[in-house]
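> Would you mind keeping the following structure in view while I ask a few things?
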Amino acid sequence: MRGDSVNDTIAALVDLQAIDDEISEYKQQRDELAGNLERLEQILAQMAEGLNEKRDRLAEATRFHEEKRVDLEADGERLNNAKKKLGTVTRTKEYAAMQRELDNLRKKFSDDEAELKRLAEAIAEYKTAISAEEKKLDELREEFEREQAANADRLGELDGTIAEIAKKKVQVIAKLQPKSLLPRYQRLLERREGKAVVPVVGGGCVGCRMMLPPQLYIIVQRGEKLETCPSCQRFLFYSAELAAQLASGT
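Counting in my numbering, the sequence shown runs from 1369 upward without gaps.
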């Protein structure tokens, strides 16, 4: 490669990296917005699922309460009948048997009454919890809808910006020579955390922090030919502006 050709190639690669950095930044913003919406959506789904479970428990407790209420009415009727019957018994042995039956009926009535009370309390608690969670869910849905509406505009803007930058990338790729560099660039971009082209500073590769052989560093500084880092294989370039900034501490 001649000097001008080398400089054009290095410049195209540097421009390509700058464009991909820009695209990556906008895509990250887009992913963050989409991720926030997804998290809110997951919270909504979890809350809705929890609310449905409580509604199922309320329905079950209500059904048990009705069954127990019917049982209690029947217990009360049996208890009253047993009391009446006890008043008509004259034999001691029969009286004792009836008394035991009456005691058992009283215990069952008391147990069913306590269970009915427990179920009524559970129903009241479920209703209170469901009402509170319905309110929270409605508020979260409103928040999600607001975020969705606001983010839809921003996501559209980001998509448009990314598309415009992608057009610039196509133009830079058209200038890149030789064309065989593009597949190498793309592979490095994927394998090296989005950085395929990096500057050399202070005798080292900025990409992997490895010190370069002095002769290689001089070649990169002079822009005599396109070189890659022996350690990370990234394309290397020298920036006098960056070197001056680092030297001045700015």
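Backbone N, C-alpha and C define an ideal beta-carbon position, used for all residues, glycine too.
Helix, strand or coil for valine 1588 per DSSP?
Counting from one through the sequence shown, the residue named residue 1588 turns up at place 220. Helix, per DSSP.
> How about the stretch 1578-1588 and the stretch 1533-1553: do they share at least three Cβ pairs that are nearer than 8 Å?
no
> DSSP three-state call for isoleucine 1378: helix, strand or coil?
Against the sequence shown, residue 1378 aligns to sequence position 10. Helix.
> Among Ser1478, Lys1485, Lys1451, which residue has its Cα nearest to the Cα of glutamate 1469?
Taking the sequence shown and counting its residues from 1, one reaches residue 1469 at position 101. Comparing Cα-Cα distances from glutamate 1469 to each of Ser1478, Lys1485, Lys1451, the minimum goes to Lys1451.
> By Cβ distance, which residues of its chain are closer than 6 Å to leucine 1426, with the 5 residues on each side in sequence left out?
The residue you call residue 1426 lines up with position 58 of the sequence shown. For leucine 1426, where only same-chain residues beyond five positions count, the Cβ hits under 6 Å are Tyr1494.
> Looking at the unbroken beta strand (DSSP E) that takes in leucine 1604, where does it start and where does it end?
Mapped onto the sequence shown, residue 1604 falls at position 236. It spans 1603-1605 - the beta strand (DSSP E) in which leucine 1604 sits, taken as one unbroken run.
> According to DSSP, glycine 1524 sits in a beta bridge with which residue or residues?
Here the question's residue 1524 lines up with position 156 in the sequence shown. Residue pairing from DSSP leaves glycine 1524 without any beta-bridge partner.
> Evaluate glutamine 1385 with the Cβ neighbour count: other Cβ atoms within 10 Å of its Cβ, from every protein chain shown; 16 or more gives buried, anything less gives exposed.
Against the sequence shown, residue 1385 aligns to sequence position 17. When all chains shown are included, glutamine 1385 counts as buried.
> Assuming contact is defined by CB atoms lying nearer than 8 Å, are glycine 1591 and asparagine 1404 in contact in what I supplied?
For the purposes of this step, residue 1591 is taken as residue 223 along the sequence shown, with counting starting at 1. For the purposes of this step, residue 1404 is taken as residue 36 along the sequence shown, with counting starting at 1. Going by C-beta atoms, glycine 1591 is not nearer than 8 Å to asparagine 1404.
> Under DSSP, the beta strand (DSSP E) around proline 1567 begins and ends at which residues?
Residue numbering aside, residue 1567 sits at position 199 when the sequence shown is read from its first letter. Taken as a continuous stretch (DSSP letters only), the beta strand (DSSP E) holding proline 1567 covers 1565-1569.
> At the level of alpha carbons, what is the spacing between methionine 1369 and lysine 1395?
As a first step, residue 1369 must be located in the sequence shown, where it is residue number 1. As a first step, residue 1395 must be located in the sequence shown, where it is residue number 27. Legend: pLDDT at methionine 1369 = 48, less than 50; position of this residue unreliable, no value from coordinates given.
> In three-state DSSP terms, what is methionine 1369?
For the purposes of this step, residue 1369 is taken as residue 1 along the sequence shown, with counting starting at 1. Residue placement at methionine 1369 is poorly supported in this model, since its pLDDT is 48, which falls under 50; the coordinates still yield a value, given next. Three-state DSSP puts methionine 1369 in coil, outside helix and strand.
> Please report how far the alpha carbon of aspartate 1443 lies from the alpha carbon of aspartate 1424, in whole angstroms.
The residue labelled residue 1443 in the question sits at position 75 within the sequence shown. The residue labelled residue 1424 in the question sits at position 56 within the sequence shown. Cα-Cα distance, rounded: 28 Å.
> Tell me whether glutamate 1561 sits in a helix, a strand or coil according to DSSP, three-state version.
Along the sequence shown, read from residue 1 onward, the residue named residue 1561 stands at position 193. Reduced to three states, the DSSP call for glutamate 1561 is coil.
> Would you say the stretch 1412-1421 touches the stretch 1590-1605, given that touching needs at least three Cβ pairs under 8 Å?
no
> Just mark proline 1546 as buried or exposed, buried being the case when its beta carbon has 16 or more other beta carbons within 10 Å.
Counted from its first residue, the sequence shown places residue 1546 at position 178. Exposed: under 16 other Cβ atoms inside 10 Å.
> Determine the contact status of glutamine 1516 and leucine 1556, defining contact as a CB-CB distance below 8 Å.
Sequence index remark: in the sequence shown, residue 1516 carries index 148 (1-based). Sequence index remark: in the sequence shown, residue 1556 carries index 188 (1-based). No, they are not a contact pair.
> Quick one, are the C-beta atoms of aspartate 1480 and leucine 1505 less than 8 Å apart?
Reading the sequence shown from its first residue, position 112 is the one you call residue 1480. Reading the sequence shown from its first residue, position 137 is the one you call residue 1505. Cβ distance not < 8 Å, so aspartate 1480 and leucine 1505 don't count as in contact.
> Helix, strand or coil for glycine 1575 per DSSP?
Position 207 of the sequence shown, counted from the first residue, corresponds to residue 1575. The answer is coil: DSSP assigns glycine 1575 none of H, G, I, E or B.
> Quick one, are the C-beta atoms of glutamate 1406 and lysine 1436 less than 8 Å apart?
Stepping through the sequence shown from its first residue, residue 1406 is reached at position 38. Stepping through the sequence shown from its first residue, residue 1436 is reached at position 68. Contact flag unset, no.
> From the DSSP output, read off the bridge partner residues of threonine 1596.
What you label residue 1596 is simply residue 228 of the sequence shown in a count that begins at 1. Paired residues: Phe1603.
> Taking DSSP as the reference, what is the three-state secondary structure of valine 1457?
Here residue 1457 refers to the residue found at position 89 of the sequence shown. In the structure shown, valine 1457 sits in coil (DSSP, three-state: anything other than H, G, I, E or B).
> Tell me the DSSP secondary structure of serine 1499 in three-state form.
Looking up residue 1499 in the sequence shown gives position 131. Residue state, collapsed to three classes: helix.
> For the stretch 1554-1574 against the stretch 1527-1539, are there 3 or more C-beta pairs whose distance is under 8 Å?
no
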